[in-house]
Every structure is written in structure tokens, then in C-alpha cells.
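Same order as they appear, the protein sequences are chains A and B.
One gets my numbering by counting positions in the first sequence from 1 and adding 18 to each.
One gets my numbering by counting positions in the second sequence from 1 and adding 18 to each.
For glycine and all other residues, C-beta sits at the position ideal for the given N, C-alpha and C.
Remember, predicted model here, so these are calculated numbers, not experimental data.
Protein chains: 2
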Amino acid sequence: MPRATFFNLPADKRQRIIEVALEEFAERPYDQASISRVVSRLGIAKGSLYQYFDGKRELFTWLVEEAGRKKLEAVSATPPPTGADLYARLRWLYAQGLLFIAASPRWARVALRSVEPSLDPEISRLRASSEAAAQAFLREQLARGQEEGSVRGDLSLELVVPLVHGLLSEGLMRAFLARAGVTDPLDPAAQSLGREDALAVVDAALSLLERGLRRGAP
Amino acid sequence: MPRATFFNLPADKRQRIIEVALEEFAERPYDQASISRVVSRLGIAKGSLYQYFDGKRELFTWLVEEAGRKKLEAVSATPPPTGADLYARLRWLYAQGLLFIAASPRWARVALRSVEPSLDPEISRLRASSEAAAQAFLREQLARGQEEGSVRGDLSLELVVPLVHGLLSEGLMRAFLARAGVTDPLDPAAQSLGREDALAVVDAALSLLERGLRRGAP
DNA sequence: ATAGCATATGACTACCCAGTCACATCGGAG
DNA sequence: CTCCGATGTGACTGGGTAGTCATATGCTAT
Chain A
19 MPRATFFNLP
29 ADKRQRIIEV
39 ALEEFAERPY
49 DQASISRVVS
59 RLGIAKGSLY
69 QYFDGKRELF
79 TWLVEEAGRK
89 KLEAVSATPP
99 PTGADLYARL
109 RWLYAQGLLF
119 IAASPRWARV
129 ALRSVEPSLD
139 PEISRLRASS
149 EAAAQAFLRE
159 QLARGQEEGS
169 VRGDLSLELV
179 VPLVHGLLSE
189 GLMRAFLARA
199 GVTDPLDPAA
209 QSLGREDALA
219 VVDAALSLLE
229 RGLRRGAP
Chain B
19 MPRATFFNLP
29 ADKRQRIIEV
39 ALEEFAERPY
49 DQASISRVVS
59 RLGIAKGSLY
69 QYFDGKRELF
79 TWLVEEAGRK
89 KLEAVSATPP
99 PTGADLYARL
109 RWLYAQGLLF
119 IAASPRWARV
129 ALRSVEPSLD
139 PEISRLRASS
149 EAAAQAFLRE
159 QLARGQEEGS
169 VRGDLSLELV
179 VPLVHGLLSE
189 GLMRAFLARA
199 GVTDPLDPAA
209 QSLGREDALA
219 VVDAALSLLE
229 RGLRRGAP
């Protein structure tokens, strides 16, 4: 979505623009992020930024797409477990997700911004489609699980999908960050979070999901 | 938190001010809610509103407190089940919560606004304390459950509390609203949600929580 | 009737924002 | 050396915001 001009820029300048814009859109929700602040931090004229991107929306959506690409790349770095059941697959997947947050908190934060509400109608559409995609993915996984027999059939997916989504998105994130005594991935204290934290949290979450809160072992 | 002047107002005028302010703060997050819009919708001068409330913060925090009172009142209307175990207690509690959302979506929305982030430091403190209170409450419930033997002891509450919070806050809400094909409690289509929906969703959530996703019956 | 207090007003200050555009500068091709 | 397209600029437009305050009006008690 950037204009051609943006890609003609010297790599270091382009990189700096990305970094500053990323920081702005990571720290504030779309409606409160400010192009004026970005250009003033960069020390360039506002008109220049408008040569690189058609507007605030384009800059944001490009950052979100870029964040998605980086996340996909990071998650694909480790190969998924083959032949494993639903719970093992989800364990692997969400562990990768948490590690991405720990490794690239600003990119992860921007990716999360894409499911936040906004007053801008176009951004709202982006939000709706991101949210729908996430739930559709989870639904597919759980449907596969039902076929495998690893997911009980007495609860409709219409109900289960959003519930599990709450557990594995907001819940998992909160549990992960709580390990560092923090509620925001951008908090400097969150840097102390590592692989062990991610695995501990994901193990607990999936054990809870699979077996429930009453009994550990079946 | 309102000034004395506010309570001296004729009841109908006061009521109308509450309604319009409620609508504004229900529809938009704190930072984007606008005092200017409130007064213009009310058709009164901005100075007048500042005679009733010291500022935007005071108006918002008062609405949040008021929402809390109304929610408590609504929840207390039905007596809690006595002698029931953790899951039955939570089932009752969260069903009441969903019914409050269905009955008073704007008040419920404002209550939820209190756990949204804001750039205003004072509002951020309110957010932190609301969030902490919610988790502390859940922690107490789960600790009681562990004593009763209805909650497995192999998972630390530090991990379980935020996970369950994700399931029973965001997850439950999403599942409830999804029944009306909606993602926002203020959406007019959400008015079709009733007691049966609340009970169905809460039953699914608590069954999932208690027994897990793999098997229904123990 | 008048004094004095409570209430109502809206123009005003001092900020912030996205986006535009006429103009300036640069750098390479001819 | 000159031209021209690409790049850079920042003042400007038109909009929004929270909060203030001198002034005006209503209302009540003497």
C-alpha cells in the first residue's frame, strides 16, 4: 500500500520511518495515533510522509499487514508437530504466538490493534474481517477436533468457538503478561518473559481447555 | 462526584443529562467521548455542564460508579443459589451479568469502559484498579473452589485466574453477542437476546470450564 | 423593591488533528 | 549547461477538543 516513492528511499531512511510509525501505532489505538507526531519525531515534513503513504489509513493497514507477515514468518520458523492431536497442535501454535509477542512486542501490538474498534469506517471493516478470520480459523481447528473425536460433540461450535477464543486470546495473553507483573506487552518489564514462561502458560491453558478445571487427569 | 448543583436540578433535567452523557460514554471510549457533543445534544451551554461536574474525568468516573451500583442492584435482584458448588455459583453470577447486559446495554457498556485503556493517567489508574478487583474476586472464588475440592490443585492460581477471566469475560460476552450475530452490546440487534440465550451461553461456558473440551461427562 | 446568591451562558483560549498544495530543491539524462 | 521528473517542504485549511470566565438571568428572603 505504500507509494513507489517509499520503496525508492534509501534503506536506512525507510527503516527509520517504519520504526517510528510502528512505535506510534503500537502505543496508541488507531484513532489516537498521530501522523503529526510521527513526522515530528522523524524530523521530516508532513508532506513527505504523504508522498510515501496516501494517508493514515494506508500507513496503518500496511503496518498491520507487515505485522501479519512477520508473525507468520516467526511462527513458521519452528515446524509444527506432525500427527499430533488438536491440543498438541494448539499448544504449539499458541506457544509460537506468545514467543512472537516476547520477541517483537511492537509488531505484535500492532497486529493486535487490528482487532480494536475504531470510529473510522474503513478501519472498522478491517477489524471485523480480522476478527472473523481468527474465529474462522479456530472453528476449523475445533471442527477437525470433533472429527478426530478429541472434542466433545455435545456443545455447539457456535458457542464453543467464541468461548475458546476468549480463553486463548485475552486469557492466554493476560496470563503470559501477568508472569512479568505487567498488563501491556510494550511494558519494558515484559522483556524478561522467555520461552519457559510461554511454555508454562500455554501448558496450563491447554490443560485447562482439554480437561477442565475440576480434574486434572481423566 | 457531581457538584451539589447537579442534585439541585429538577429531576427530569438531571435525568436527561444522565441519559445523554451515558449514551456518549457508552458509544465511545473515554478519550474519544466528547463533552462538546454532550452539551450540544443536550442543547445547554458548556459552562452549565461544568457547573454540574468538575470535568470530563469526574463525569466519567461518576457514570462508571453509577453503572456499578446498577449492576449490583440488578444482580442482587435474584438470590444466589445457597449451598451450591463453585460452578453453580459462577453459573448464577455470570448469568446475572449477561442479563444485565441485555437489560441495560448502555450501563453495561459504560461499566466495561472502565477496564479500557486511556491516555489520561487518572483514568488509567481507574482501569488498573477495576481490572485488579475483577481478578481478585475471581481468585477468591477459585481459591474457595480449591478448598472445596471442586478445583484441581495442580495448576497455580496465578496462571488459572487470568485464563478463566479471559473465558468468562471476553469469551462469554462474545458467545452471548454472537447469538444475535453481533459484536457490540449496543447494536440494536442485541435487543433480541433474552434469558434463554444467557442461560444457554453460561451453561456451555461453565460446562467447558468444569469438564474441559475433550469429554462432556466425567 | 432590593439585595444577594445560585444558576445559565457562549465566546474565548490554547491546544490538537489529517490532509493539501504551491513552491523549492535535487540529480541524472541529453 | 539545461531541462525535467522525482523528491522534499511547511504554511495553511478546516476541523475538532477541554476547560474558563465575565456577564446575564432567575429566584428567594428580607
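Beta-carbon proximity check, residue i vs residue j, cutoff 7 angstroms
i                : j                : result
Leu177 (chain B) : Arg157 (chain B) : no
Ser132 (chain B) : Leu116 (chain B) : no
Glu237 (chain A) : Leu231 (chain B) : Any property of residue 237 (chain A) remains undetermined from this structure, which presents chain A solely from 19 to 236.
Pro98 (chain B)  : Trp110 (chain B) : yes
Pro203 (chain A) : Ile141 (chain A) : no
Leu185 (chain A) : Leu108 (chain B) : no
Tyr70 (chain A)  : Thr23 (chain A)  : yes
Ala208 (chain B) : Val200 (chain B) : yes
Glu149 (chain A) : Pro47 (chain A)  : no
Met19 (chain B)  : Glu91 (chain B)  : no
Arg162 (chain B) : Arg233 (chain A) : no
Glu188 (chain B) : Glu188 (chain A) : yes
Proximity winner among the options, relative to residue i (alpha-carbon distances)
i                : options                                : result
Tyr105 (chain A) : A:Glu166, A:Ser210, A:Ile36, A:Arg46   : A:Glu166
Ser136 (chain A) : B:Glu45, B:Gln69, B:Arg197, B:Ala92    : B:Glu45
Lys88 (chain A)  : A:Trp125, A:Gly101, A:Leu77, A:Lys31   : A:Trp125
Leu81 (chain B)  : B:Ser54, B:Val38, B:Ser168, B:Ala113   : B:Val38
Ala222 (chain B) : A:Asp172, A:Ser148, A:Gly101           : A:Asp172
Thr102 (chain A) : A:Gly199, A:Ser168, A:Ser187, A:Ser225 : In the sequence as displayed, the identity of residue 102 (chain A) is Ala instead of Thr. Comparing Cα positions, the closest option is A:Ser168.
Asp138 (chain A) : A:Ile62, A:Thr79, A:Ser225             : A:Thr79
Lys74 (chain A)  : A:Ala22, A:Phe43, A:Ser225, A:Phe155   : A:Phe43
Ala151 (chain A) : A:His183, A:Gln164, A:Arg162, A:Gly163 : A:His183
Val93 (chain A)  : A:Asp30, A:Ile53, A:Ser122             : A:Ser122
Leu27 (chain B)  : B:Asp49, B:Ser66, B:Ser54              : B:Ser66
Leu130 (chain A) : A:Leu160, A:Gly86, A:Ala154            : A:Gly86
For residue j and residue i, believed in contact at Cβ under 8 angstroms, the rounded distance
i                : j                : result
Leu40 (chain B)  : Val128 (chain B) : 6 angstroms
Ala63 (chain B)  : Val57 (chain B)  : 7 angstroms
Tyr112 (chain A) : Leu211 (chain A) : Not confirmed; about 14 angstroms, so no contact.
Leu60 (chain A)  : Ile36 (chain A)  : Incorrect: roughly 11 angstroms between the Cβ atoms, too far for contact.
Arg252 (chain B) : Asp72 (chain B)  : One cannot answer for residue 252 (chain B) here, as it falls past the ends of chain B, which runs 19 to 236.
### Task
Check whether the region 190-197 of chain A touches the region 213-226 of chain A, taking contact to mean three or more Cβ pairs, one atom from each stretch, closer than 8 angstroms.
Yes, they touch.
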